[in-house]
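Trainee: Just dropping this structure here.
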Amino acid sequence: GIYADGDNIQISNSDVTITCTASGISAANGVVTISSNSGNRLNINAGEVGLRSSKDLSISGCTVDVTSVKEAIYCGGNGDNGITIADSSLNLTATGSTADGIYADGDNIQISNSDVTIAAGGYYGIYARSGNIVIENSPISATARRCGIFSFTGGIGITSGEDDAIDITVGG
Numbered sequence: 017g018i019y020a021d022g023d024n025i026q027i028s029n030s031d032v033t034i035t036c037t038a039s040g041i042s043a044a045n046g047v048v049t050i051s052s053n054s055g056n057r058l059n060i061n062a063g064e065v066g067l068r069s070s071k072d073l074s075i076s077g078c079t080v081d082v083t084s085v086k087e088a089i090y091c092g093g094n095g096d097n098g099i100t101i102a103d104s105s106l107n108l109t110a111t112g113s114t115a116d117g118i119y120a121d122g123d124n125i126q127i128s129n130s131d132v133t134i135a136a137g138g139y140y141g142i143y144a145r146s147g148n149i150v151i152e153n154s155p156i157s158a159t160a161r162r163c164g165i166f167s168f169t170g171g172i173g174i175t176s177g178e179d180d181a182i183d184i185t186v187g188g
């Protein structure tokens, strides 16, 4: 995968494919920023976490496909903004029995103008342990064992446009 133990990772206007037994992209002490002006693709098949940041994680203007054994997207909660997804299309599959789709461990999750599909083997499709979840004008399809969208100590705000359905499937 792509690792930065002491700093940030920025991928701009690039098509990237990663197949690995560990985490796909991981900034142990930094921020992960993935952006595109022309809809570039990021494909990750990871044996651990797909996208991981100890601080903030931002995705904008991209198509992102992640298949991982652990969380598809994980943010450690030491940043300012948490997880921000804008103007993107995400297809996330977290196959492990405790793996959530999108997990913010102490920060917010903001999704705007994006199409997000999640198949999580764990309890939650989208999970904020101690932050808010805000979804704006974004169709979300989330499948998980216990709850599609869950904020442990924060709130959840959903503002949808005419064609922005929220589809949750829970069970298992």
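In case it helps, our numbering puts the sequence shown at residues 17 to 188. The C-beta atom is built at its ideal place from N, Cα and C for all residues, glycine as well. All values reported here derive from a predicted model rather than from experimental measurement.
Alpha carbons only, please: which of Ser39, Ser51, Gly17 and Asn45 is nearest the one belonging to Ser28?
Mentor: Closest by alpha carbon: Ser51.
Trainee: On the CB-based measure, 16 or more other CB atoms within 10 Å of its CB, does Gly141 come out buried or exposed?
Mentor: Gly141 should be labelled buried.
Trainee: Distance, Cα to Cα, Thr35 vs Ile172?
Mentor: Their Cα atoms are separated by approximately 34 Å.
Trainee: Roughly how many angstroms separate the alpha carbons of Cys78 and Asn148, rounded to a whole number?
Mentor: Looking at the two C-alpha atoms, the distance is approximately 23 Å.
Trainee: Does the Cβ of Ser30 have 16 or more other Cβ atoms within 10 Å, making it buried, or fewer, making it exposed?
Mentor: Under this definition Ser30 is an exposed residue.
Trainee: Using the beta-carbon count (16 or more within 10 Å), is Thr109 buried or exposed?
Mentor: So Thr109 ends up on the buried side.
Trainee: Along the chain, which unbroken stretches of the beta strand (DSSP E) at least 3 residues long are found entirely within the segment 35-108?
Mentor: Entirely contained in the segment 35-108, the beta strand (DSSP E) runs reaching 3 residues are, in chain order, 41-43, 48-51, 57-62, 67-69, 73-76, 79-84, 89-91 and 99-102.
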